[in-house]
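Here full-length UniProt numbering is used: the sequence shown runs in plain steps of one and ends on residue 60.
The structure appears right after this line, and notes come after that.
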Amino acid sequence: MKSRDLIKLIEADGWYLEAIKGSHHHYKHQVKKGKVTIPHPKPHLPTGTVNGVLKQAGLK
């Protein structure tokens with residue numbers, strides 16, 4: 001999965017960009033706790049990274 005596609009998924013769930021540090025984008029949610037960090041731009045994210053981000057975002 002491309003990092004751009006993963007970002008679209010979490011933004012559709014209400015996550016918004018809080019900060020960019022280097023090649024990592026940090027997202028927050030108004031209701032859900034914590035932050036989600038996505039390495040971007042990446043043409044292919046490893047399956048474990050995608051699953052971890054989705055789990056942190058409460059989408060899996």
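No residue lacks a Cβ here, since even glycine has one placed at the ideal position from N, Cα and C.
A quick note: this is a predicted structure, and the numbers were derived from the prediction, not measured.
Going by Cα to Cα distance, which pick from the options is closest to residue i?
| i | options | result |
| --- | --- | --- |
| S23 | T47, H40, T49 | H40 |
| K2 | A57, G14, Q56, I38 | I38 |
| Q56 | I10, R4, L17 | I10 |
| Y27 | G48, K8, T47 | K8 |
| E18 | G34, L6, R4 | G34 |
Give the C-beta separation of residue i and residue j to the nearest angstrom, bearing in mind that I take them to be a contact with Cβ-Cβ under 8 Å.
| i | j | result |
| --- | --- | --- |
| V53 | V36 | 6 Å |
| L59 | D13 | 6 Å |
| H29 | W15 | 5 Å |
Which of the three DSSP states is assigned to residue i in this structure?
| i | result |
| --- | --- |
| L6 | helix |
| L59 | coil |
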